[in-house]
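J.: So that we are looking at the same thing, I have put the structure below in structure tokens.
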Ligand code: HGY
Ligand code: MN
Ligand code: MN
């Protein structure tokens, strides 16, 4: 990379941290984290704040029909496709302050730093806030970037419902963030995403930077088990059609399938609903979502097949009805080697310790990778904890990753002397 005015360019660490802490005040959780779920009033408040910050930095906003926000810093070449740099501002119901947010606000900080140094780039840079990355309220995860990549139709996405039965389309309209742009009409030169690791590897290996080469593939399998509602006291054991028992046996089986697939495979359940969910009524209906992941394609598919086959056997034995729907999926992702090299070189040049890593969590970068060369930068998080209000990072970790993001992006966006 040619020497340039900001050879040892670094972001403004204090400004990034202050911006993160400001956003953390929007949609506070009950234990120090955030509950800024997608398309809630808190999400709307965070969007408005982010829009103000971006427009104060001279970026111009575009919004698409899924509500994704694209904030453009112009380049010098009108024909050059933009370099997109982003992540997500929506959080889990008991989310942390950094999951997604660090990537979006570091991309903003990148633009702010280029403004400070009066640096121009040939390619425009687009700071991006993808709508509904988490999939907590409206499954699947990465819904908006999935529509952008042509994985889902806009109609499918608008029809997705939250546990209260509210639809994505209606809620997006309610908060006033239905954009004009067709989803996916934008073309990307490249995509970078900076994210906390959400796992324990970087901290355990004492590395400041994760050079993300791949991302695990994922299945979300939504099971609906049908039992017979009956009195928990007066119904003899032999007469029970017990969907709750079937669920328990399936959860145990998922654990076994995941452990048999070691190393580097995971499986578990985060969400379940009992109906009628009354202490003294055996459930007539149990729904739950199985989340399995691994970076190995064959292993991912065989885990799914085993779980579906054995779940059917468990339910048949108990006389419980069983149906399953795949409500989320992406195959393992290999990120663009040339962008991965940019991240690794940037860490090296800046003197940050680094290691190659496979992302355990899914990210919008997984769908962006279908549209253009894409990659990620990661920083450690304390105890590898995420999707927990106690999620924590150090200011030094946040800064290191943002410095690397800036330098890697400039390798692609091309500084104009
Ligand atoms: O589920 C995921 O991996 C991401 O946090 N949405
Ligand atoms: Mn995330
Ligand atoms: Mn998340």
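Numbering (the working numbering), first residue to last: 1401 to 1817.
All C-beta atoms in this analysis are idealised placements derived from N, C-alpha and C, irrespective of residue type, glycine included.
Do residue 1500 and ligand 3 come close, with the Cβ less than 7 Å from some heavy atom?
T.: Stepping through the chain shown from its first residue, residue 1500 is reached at position 100. Yes; taking the cut-off as 7 Å, the Cβ of residue 1500 has a heavy atom of ligand 3 nearer than that.
J.: Between the Cα of residue 1680 and those of 1533, 1799, 1765, 1644, spot the shortest distance and give me the residue it belongs to.
T.: For the purposes of this step, residue 1680 is taken as residue 280 along the chain shown, with counting starting at 1. Nearest of 1533, 1799, 1765, 1644 to residue 1680, Cα basis: 1644.
J.: With a cut-off of 6 Å, give the chain-ordered residues whose Cβ is closer than this to any heavy atom of ligand 1.
T.: Those residues are 1533, 1534, 1535, 1541, 1761, 1762, given in chain order.
J.: Short of 8 Å in beta carbon distance, which residues of its chain neighbour residue 1654, apart from the five on each side in sequence? Order them along the chain.
T.: To locate residue 1654, count along the chain shown from 1; it is residue 254. Cβ within range, chain order: 1667, 1668, 1669, 1690, 1692, 1707.
J.: Can you tell me the Cα-Cα spacing of residue 1404 and residue 1751, whole angstroms?
T.: Here residue 1404 corresponds to residue number 4 of the chain shown, with the count starting at 1. Here residue 1751 corresponds to residue number 351 of the chain shown, with the count starting at 1. Any reading at residue 1404 must be qualified, since the residue scores a pLDDT of 47, below 50, and its modelled position is unreliable; the value itself is stated next. Using only the alpha carbons, I get a separation of about 18 Å.
J.: Is the region 1716-1735 touching the region 1779-1793, taking contact as three or more C-beta pairs under 8 Å?
T.: They do not touch, by the three-pair rule.
J.: Quick one: does the C-beta of residue 1492 sit closer than 7 Å to a heavy atom of ligand 3?
T.: Residue mapping note: residue 1492 aligns to position 92 of the chain shown, counting from 1. Residue 1492 Cβ: within cutoff of ligand 3.
J.: What residue ranges within the region 1619-1707 form continuous alpha helix (DSSP H) runs of no fewer than 4 residues, ordered along the chain?
T.: Runs found: 1643-1660.
J.: So residue 1496 packs on residue 1433, CB below 8 Å; how close in whole Å?
T.: Counting from 1 along the chain shown, the entry for residue 1496 is found at position 96. Counting from 1 along the chain shown, the entry for residue 1433 is found at position 33. Their Cβ separation, rounded to whole angstroms, is 5 Å, which keeps residue 1496 and residue 1433 in contact under 8 Å.
J.: Below 8 Å between beta carbons: does that hold for residue 1762 and residue 1599?
T.: As a working mapping, residue 1762 is identified with position 362 in the chain shown. As a working mapping, residue 1599 is identified with position 199 in the chain shown. Not a contact, by the Cβ cut-off of 8 Å.
J.: Just the C-alpha distance for residue 1802 and residue 1741, rounded to the nearest angstrom, thanks.
T.: Within the chain shown, numbered from 1, the residue matching residue 1802 stands at position 402. Within the chain shown, numbered from 1, the residue matching residue 1741 stands at position 341. In a straight line, the C-alpha of residue 1802 is about 16 Å away from that of residue 1741.
J.: Under three-state DSSP, which class holds residue 1506?
T.: Locating residue 1506 in the chain shown gives position 106, counting from the first residue. In the structure shown, residue 1506 sits in a helix (DSSP, three-state: H, G or I).
J.: Helix, strand or coil for residue 1776 per DSSP?
T.: Locating residue 1776 in the chain shown gives position 376, where the first residue counts as 1. Three-state DSSP puts residue 1776 in a strand.
J.: Are there 16 or more other CB atoms within 10 angstroms of the CB of residue 1816, so buried, or fewer, so exposed?
T.: Taking the chain shown and counting its residues from 1, one reaches residue 1816 at position 416. Residue 1816 should be labelled exposed.
J.: Going straight from the alpha carbon of residue 1486 to that of residue 1560, what length do you get?
T.: Position 86 of the chain shown, counted from the start, is the residue given in the question as residue 1486. Position 160 of the chain shown, counted from the start, is the residue given in the question as residue 1560. Approximately 24 Å between the Cα atoms of the pair.
J.: Can you tell me which of the three DSSP states residue 1601 falls into?
T.: If you number the chain shown from 1, residue 1601 lands on position 201. Helix, per DSSP.
J.: Among all the DSSP beta bridges, which residues are the ones paired with residue 1428?
T.: Locating residue 1428 in the chain shown gives position 28, where the first residue counts as 1. In the DSSP output, where bridge partners are listed per residue, residue 1428 has 1434.
J.: Please list, in chain order, all residues of the same chain as residue 1572 whose beta carbon is under 6 Å from its beta carbon, the five residues on each side excluded.
T.: For the purposes of this step, residue 1572 is identified with residue 172 of the chain shown, where counting begins at 1. Taken in chain order, the residues that qualify are 1439, 1467, 1578.
J.: Could you pull out every residue in the same chain whose Cβ sits closer than 7 Å to the Cβ of residue 1401, ignoring the five residues on either side in sequence?
T.: As a position in the chain shown, residue 1401 is number 1, starting the count at 1. Because the pLDDT at residue 1401 is just 45, under 50, the model does not fix this residue reliably, and the value given afterwards should be weighed accordingly. So the qualifying residues of the chain are 1811.
J.: Is residue 1614 near residue 1734, with beta carbons less than 8 Å apart?
T.: Along the chain shown, read from residue 1 onward, the residue named residue 1614 stands at position 214. Along the chain shown, read from residue 1 onward, the residue named residue 1734 stands at position 334. Yes, Cβ-Cβ distance for residue 1614 and residue 1734 is below 8 Å.
J.: With burial defined as no fewer than 16 other Cβ atoms inside 10 Å of the residue's Cβ, what is the status of residue 1694: buried or exposed?
T.: Working through the chain shown from its first residue, we reach residue 1694 at position 294. Per the 10 Å Cβ criterion, buried.
J.: What did DSSP end up calling residue 1520 once you bin it into helix, strand or coil?
T.: For the purposes of this step, residue 1520 is taken as the residue at position 120 of the chain shown. Strand at residue 1520.
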